[in-house]
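What follows is a short report on a single structure.
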Amino acid sequence: MAFGLLYDFLNGQCIEAHNYFGAHFSEKDGQSIVTFRLYAPLADDVSVIGEWNNWDATKDKMNKIDMCGVWEISIPNLKNYQCYKFHFKNAKGKYVDKVDPYAFFSELRPGTCSRLFDIRNFAWHDDFWLRSRSRNFDKPMSIYEMHVGSWKGLAEDGHILSYEEIAEYLIPYIKENGFTHVEFMPLIQYPFDGSWGYQGTGFFSIDSRYGNPFQLMSLVDRLHQADIGVIVDFAPVHFATDKWALAKYDGSCLFEYSNKWRVSPWGSYQFDLGKDPVRSFLMSAMNYFADYFHFDGIRVDAVSNIIYYNGDSSIGENDGGVEFVKRLNSKLHIAHDSLMMIAEDSTAYAGTTRPTEYGGLGFDYKWDLGWMNDTLKYYSKDPIHKKWEHHNITFSMAYFYSDNFMLPFSHDEVVHGKGTIINKMWGDYQQKFALIRNLYTYQFSHPGKKLNFMGNELASFDEWNEKCSLPWILKTFPAHDSISRLMRDLNRIYQYEKSMYFEEHNPNHFRWLMVDNANDSIYAFQRSVGDETLVFVFNMTPNYYESYGIPLWQSGTYEEIFNSDKDVYGGANQYNGLPLDSEPGSFEGLPAHFNIKLGSFTACIFKKIK
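Each residue of the sequence shown is one higher than the last, beginning at 479 in the numbering used here.
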């Protein structure tokens, strides 16, 4: 079996390299043994140094067991958490100490050692969840994206909350606010806090800031038992340049490019995705999270930098990167048929979510960053000028059916001087709150899965800082707490109303009712499934209308089930109370219409009574 796995690894076809390389516990004749294996083709005189041998390179020499560059040694009576590194002479004839690329655990920064951890035999309790989960194509999916360390902040005594401690607060919060999934920013080992995990040093090593691998498993297990899906962010494009980690590992560019593409736009080193062992390394790392930690989805970061060199389409397609991502998605879907693969892709590449057998990249979902940029740009405009930007709202439906899209207001939009979501809204204090209520209603009403970064529901004016907790004190202010109430209610309506999620990529279920009303900056559309119909109306200006005509495809009686101007959301309470009967006769080219009260910057949802 080891030979077959090694053959697949060298040919870029392996998703289980972590079950061979690294440090693995086993038992023989009642004795505990740890077997170390290292892939370092140009290394020589390789040793394991650690706490048990007092870091003496002469004691535990590894044997070269394969001419391709695999080194191995088995050592008895080792224990969890013992620190170790590999010591060897690299291709330049210099002795170096390097981390284990396949280590399951690591020292907390500023420590740089790998640590032993027996990854076997965690007791799971989520079998029912795993048997019933799917990729959620025809189900509601509202994702709460979060950074583990700064969501709740430090405990009262100043210690960093562990994965298990966070579960105590996170699970009831997610349930209360109606989200279906949690998405964690990267949870691999990384030295610089400000990189948020996107520049890692240990791609199989769980972030030790918050605990060990079993503690993370416990968090996922408990989320699943509470019917909450779990997604993890993973960055396969680049890694940290620290000399003790992956950089020039055996003296050669074992993991990174050796040419001008070596350094990324972020100053990190880029994985050479054309190298087969690198492909096996990264595919195995993502499979490790899906297999050992039961994650339901993997969000792949910076796909544009995989498809194109440095993310620049004018340079040309990176054939090695495209082949890697196709191989990744097809193999992980075979291994886990209900695992979601999600692309953070800013390109116009054709077929990001098309199956690989039809020439696509094979992702299940793609972040619609174009929608996000166009939408936030529009909501930041003075209403006087919105008529000239009218297409920013209507354009998304022109391309929506080309991919399976997800609508993100992610961490990228609330950092580095960009301002928070509410800061991006036009107007004074009250108008910003009215517009953010309208914005979130628009996000949930628009076809596509939903994603919001932690704190969006608080309408914070302060940018996210990984060093600080979310400003939970805002919950004591009615204006901010009402936004949390609004997002909670939108989540519940979204999950209850089938027409808001079922077959959302079928164009028969979406119809514009008012698409060209640029002068008034009012939009209206209908979403329907079977005999269930919802009508969505958005007033993008401060104008108030006591009675405004909305054209309809279907005559009948409509009940207002949501209005962003209600006082419970901080509005002026200009809503439609009693059910509204449509009026016959051609109106704006459609066979019927109804007249509604439409408040300033108000978004409302009507349901056709059967």
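Ideal Cβ positions, reconstructed from N, Cα and C, are used throughout, including at glycine.
Only a predicted model underlies this, so the values are computations on that prediction, with no experimental measurement involved.
Alpha carbon to alpha carbon, how far is residue j from residue i? Give it in angstroms, no decimals.
i, j, result
"residue 818", "residue 882", "12 angstroms"
"residue 784", "residue 1056", "54 angstroms"
"residue 516", "residue 578", "8 angstroms"
"residue 1027", "residue 833", "43 angstroms"
"residue 1089", "residue 895", "Nothing about residue 1089 can be reported from this structure: the residues present for the chain run from 479 to 1088 only."
"residue 565", "residue 536", "10 angstroms"
"residue 743", "residue 730", "22 angstroms"
"residue 505", "residue 513", "10 angstroms"
"residue 912", "residue 922", "16 angstroms"
"residue 768", "residue 844", "19 angstroms"
"residue 796", "residue 906", "46 angstroms"
"residue 862", "residue 774", "45 angstroms"
"residue 920", "residue 503", "52 angstroms"
"residue 1082", "residue 868", "19 angstroms"
"residue 585", "residue 686", "7 angstroms"
"residue 825", "residue 924", "21 angstroms"
"residue 1009", "residue 1088", "7 angstroms"
"residue 678", "residue 957", "39 angstroms"
"residue 560", "residue 525", "16 angstroms"
"residue 1014", "residue 1001", "8 angstroms"
"residue 840", "residue 782", "15 angstroms"
"residue 942", "residue 900", "13 angstroms"
"residue 1064", "residue 1071", "8 angstroms"
"residue 498", "residue 657", "38 angstroms"
"residue 759", "residue 582", "14 angstroms"
"residue 828", "residue 788", "18 angstroms"
Reducing DSSP to helix, strand and coil, say where residue i ends up.
i, result
"residue 1130", "Absent from the structure is residue 1130, since the part of the chain shown begins at 479 and ends at 1088."
"residue 549", "strand"
"residue 1061", "strand"
"residue 528", "strand"
"residue 563", "strand"
"residue 698", "helix"
"residue 819", "strand"
"residue 848", "helix"
"residue 665", "coil"
"residue 683", "strand"
"residue 921", "helix"
"residue 518", "coil"
"residue 893", "coil"
"residue 833", "coil"
"residue 1081", "strand"
"residue 593", "strand"
"residue 421", "Nothing can be reported for residue 421, as the shown portion of the chain is limited to 479 through 1088."
"residue 1035", "strand"
"residue 1015", "strand"
"residue 1068", "strand"
Assuming residue i contacts residue j (C-beta within less than 8 angstroms), just tell me the rounded distance between them.
i, j, result
"residue 630", "residue 962", "Their Cβ separation, rounded to whole angstroms, is 16 angstroms, which puts residue 630 and residue 962 out of contact at 8 angstroms."
"residue 979", "residue 617", "6 angstroms"
"residue 733", "residue 717", "7 angstroms"
"residue 520", "residue 728", "4 angstroms"
"residue 821", "residue 778", "6 angstroms"
"residue 493", "residue 813", "6 angstroms"
"residue 1021", "residue 622", "Not confirmed; about 34 angstroms, so no contact."
"residue 661", "residue 709", "4 angstroms"
"residue 798", "residue 838", "Their Cβ separation, rounded to whole angstroms, is 18 angstroms, which puts residue 798 and residue 838 out of contact at 8 angstroms."
"residue 533", "residue 556", "Not quite, the Cβ-Cβ distance comes to about 14 angstroms (not below 8 angstroms), so this is no contact."
"residue 575", "residue 722", "7 angstroms"
"residue 1017", "residue 1080", "5 angstroms"
"residue 684", "residue 694", "5 angstroms"
Under 8 angstroms, do residue i and residue j count as touching if we go by C-beta distance?
i, j, result
"residue 567", "residue 538", "no"
"residue 1042", "residue 916", "yes"
"residue 754", "residue 986", "no"
"residue 655", "residue 966", "yes"
"residue 1048", "residue 1077", "no"
"residue 747", "residue 725", "yes"
"residue 595", "residue 558", "yes"
"residue 480", "residue 487", "no"
"residue 592", "residue 562", "yes"
"residue 977", "residue 1012", "yes"
"residue 1075", "residue 1036", "no"
"residue 874", "residue 849", "yes"
"residue 771", "residue 500", "no"
Next item on the list: Kindly confirm or deny that the region 1040-1057 and the region 884-895 touch, where touching means at least three C-beta pairs closer than 8 angstroms.
Entry: no
Next item on the list: Check whether the region 552-560 touches the region 630-641, taking contact to mean three or more Cβ pairs, one atom from each stretch, closer than 8 angstroms.
Entry: no
Next item on the list: Check whether the region 796-805 touches the region 851-862, counting contact only when three or more Cβ pairs, one atom from each stretch, lie closer than 8 angstroms.
Entry: Segments in contact, no.
Check: Does the region 695-715 come close enough to the region 606-617 to have 3 or more Cβ pairs within less than 8 angstroms?
Finding: Cβ pair count under 8 angstroms is three or more, so yes.
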